[in-house]
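98 is the number that the numbering used here gives to position 97 of the sequence shown; each next residue is one higher, with no gaps.
Just so it is clear, CB atoms sit at the ideal spot from N, CA and C, and this is done for glycine as well.
Okay, so here's the structure we're looking at.
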Amino acid sequence: MEIQSFLDLAPNYMAYTLQANRENRPTAFCKIVGAFRIVFKNTQTNAASKQDLLVMENLFYNRNVKRKYDLKGSQRNRLISATEAEMNNCVLLDENFMNSTIYKS
């Protein structure tokens, strides 16, 4: 289901990032380096399984990032309970973002 969502979204995503690059316009979208499907086959059972892999640029490389969020657009079960110190070392979720001063300012 996720790979199909990506395939549906990919043309617009690529067009947007290409246009932003041409116009030297900053964007928070990651550049997609490649999309791969890896197929594994068990030679003993002949069972095959596949894994889809999306390789994207690392936006955090050589940067001091204080907070990271994994945003899905949902407010259900998307909260991590953490102390202020722990929040700087984990990936926070949608409700953490909604409760943050970043969102409220």
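Requested in this report: Per DSSP, which residues does R38 bridge with? Please list them.
Outcome: DSSP, once it has assigned bridges, lists D53 as partnering R38.
Query - Secondary structure of I81, DSSP reduced to three states - result: The three-state secondary structure of I81, taken from DSSP, is coil.
**Report entry** Start-to-end residues for the alpha helix (DSSP H) that takes in F98
**Finding:** DSSP places F98 in the uninterrupted alpha helix (DSSP H) bounded by 95-100.
Requested in this report: Would you check if the distance between the CB atom of Y17 and the CB atom of F37 is smaller than 8 Å?
Outcome: Contact: no.
Query raised in the report: Beta-carbon separation of D95 and S75 under 8 Å?
Result: Taking 8 Å as the Cβ cut-off, D95 and S75 qualify as a contacting pair.
**Report entry** C-beta atoms of R68 and L93 nearer than 8 Å
**Finding:** Yes, Cβ-Cβ distance for R68 and L93 is below 8 Å.
Requested in this report: Determine the DSSP secondary structure at Y14, reduced to helix, strand or coil.
Outcome: The answer is helix: DSSP assigns Y14 an H, G or I state.
Query raised in the report: Just checking my contact of V34 with V66 at CB under 8 Å: how many whole Å lie between their CB atoms?
Result: That belief does not hold up - the Cβ atoms of V34 and V66 are roughly 20 Å apart, past 8 Å.
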